[in-house]
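Written below as structure tokens is the structure these notes are about.
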Amino acid sequence: MNDIKVSILGADGYVCQIPRIKEGMEALGHVLSEESPDLIYSNDPRGYNKALLLKKKYPKAYLMLNFLDVPWHMPNIQKQTESLVNNYFLKADVITTISFKVKKDIGKFYYKKIHVIYNPIKDVYFDENIKKNNIFFYVGRAFDPVKRFNIVRESLLKIKDGEKNIKICGSENPNFGDYLGIVKDQDLNELYNSSKYILLPSVAEGIGLPMIEGMICGAIPITCSDNLTAKEFSPLDFICKPDAQSIVNKIEELNKDYDYKRELALKFGEKYKIQFDKRTI
């Protein structure tokens, strides 16, 4: 692709995807600009209004709207999604989603072609020099009902010293385990590498980047069978039923052959390190 001028819109900030998408575009030699852009890209609905305004101002620009997730648990979500389709999607040149699971979900409302373009991972990597001195790790919003942190809590209370052996990162403090808040990327990389298991019992994910980042760093993600995104990206060996006892049983099963299962995680991680790199996507 020749160098082009690109406008990147959407939720911006340290924990968001926009900074990495911008870095990837610049690494490929493209220019970030809202003046006469060749491509207008909005990663999520927060940027849709501005994207349409830019498209109106520069009608020759190619308008790409990305969609992250259908939060089915939210009230009136069907009407809200239909509104997004009618007011925004139908005015775009192309619609993208971040996983085939999300493509299937939005396909219930939008009947034209949908492309899958993954959001990029953080700059994490496997470091064999970091010792596995932490057992459990959780990354995400602890109070989001979709994340089901209550299953993490219930699972670890069934394990001796379970609460003492989990580190938690994210914007919400669950008052459980060792809460670290929002950490820098290098610290996150060390936490992934030093942890044996990433606990991710979400009922749904747009893509589930902690699952992918964990495998890249040699940590085993434990996910649940009702999460279709987990089935899209994780080995079946790491998936169990969505209840505390099943997670405890899965941990016991994986502990019996941990080195082999960790190598399986790394094998998937090697592929994802390339596939989800900000310069590849």
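With my numbering, the residue at position 35 of the sequence shown is 35, and numbering never jumps.
Just so you know, even glycine gets a beta-carbon here, dropped at the ideal spot from N, CA and C.
Residue from the options whose Cα sits closest to the Cα of residue i
i    : options                : result
Y284 : L32, P210, D93         : An answer regarding residue 284 cannot be provided, because it is not within the stretch 1 to 281 covered by the chain.
L180 : M215, R148, I159, V139 : V139
I18  : D259, N119, N133       : N119
A265 : S246, F233, L39, M215  : M215
D69  : I8, S7, R141, E205     : E205
I135 : I40, M25, N193         : N193
N60  : N66, D38, F67          : The residue you asked about is not Asn; residue 60 is Lys in the sequence shown. Of the listed residues, the one whose Cα sits closest to K60 is D38.
Y111 : I117, H73, N86, K131   : N86
A219 : K267, K241, D185       : K267
H30  : G13, I4, Y41, I40      : I4
N2   : I166, A92, M25         : M25
F233 : D185, I98, K108        : I98
Q186 : K147, E34, E213, S246  : E213
K55  : I114, I239, E82, L9    : L9
Y62  : N175, K91, I121, K250  : K91
H73  : K147, V6, E163         : K147
N165 : E172, R153, E270       : R153
V94  : A142, S42, V102, E82   : S42
V102 : E270, D277, E253, K231 : K231
Endpoints, the beta strand (DSSP E) within which residue i is located
i    : result
I121 : Taken as a continuous stretch (DSSP letters only), I121 belongs to no beta strand (DSSP E), as it is neither H nor E.
T96  : 94-97
K196 : 195-199
I282 : Coverage of the chain is limited to positions 1 through 281, which leaves residue 282 absent and any answer about it impossible.
Counterpart residues of residue i in DSSP-defined beta bridges
i    : result
Y138 : I168
D178 : K167
P145 : Answer is none; P145 lacks a bridge partner.
N66  : T96
V6   : L32, L39
I239 : T223
Sequence-distant residues of its chain with Cβ nearer than 6 Å to residue i (five each side left out)
i    : result
G208 : T229
A11  : D44, R46
C217 : V124, F126, Y192, N193
C169 : V139, L180, V183
L53  : none
Y14  : none
Through-space distance from residue j to residue i, alpha-carbon basis
i    : j    : result
A51  : D144 : 28 Å
K256 : G177 : 25 Å
I77  : N129 : 46 Å
Q80  : F100 : 21 Å
Y48  : S195 : 38 Å
A323 : T96  : Only positions 1 to 281 of the chain appear in the structure, and residue 323 is not among them; the question remains open.
D259 : N66  : 38 Å
T223 : I159 : 18 Å
K57  : N189 : 42 Å
E23  : Q245 : 42 Å
F137 : L200 : 9 Å
K108 : P71  : 14 Å
R20  : H115 : 20 Å
Y88  : L32  : 23 Å
I251 : K241 : 12 Å
I40  : N227 : 32 Å
E35  : S7   : 8 Å
P221 : I117 : 22 Å
R279 : Y272 : 13 Å
Endpoints, alpha helix (DSSP H) assigned at residue i
i    : result
S33  : S33 -> no alpha helix (DSSP H), and no H or E assigned at all.
L54  : 48-57
V85  : 77-87
V203 : Neither: V203 is in no alpha helix (DSSP H) and is coded neither H nor E.
I274 : 258-275
N249 : 244-255
P221 : Looking at the DSSP string, P221 is not in any alpha helix (DSSP H); the run it does join, the beta strand (DSSP E), is 220-224.
L228 : 228-233
L39  : That residue, L39, is in no alpha helix (DSSP H); its beta strand (DSSP E) goes 39-42.
K22  : 18-27
I216 : 209-216
Contacts around residue i, its chain only, beta-carbon distance under 7 Å, and the 5 residues preceding and following it disregarded
i    : result
K104 : none
P235 : L264, F268
D237 : K261, L264
Neighbourhood of residue i by C-beta distance below 8 Å, restricted to the same chain and skipping five residues each side
i    : result
S131 : The sequence as given places Lys at residue 131; Ser does not occur at that position. So the qualifying residues of the chain are S194.
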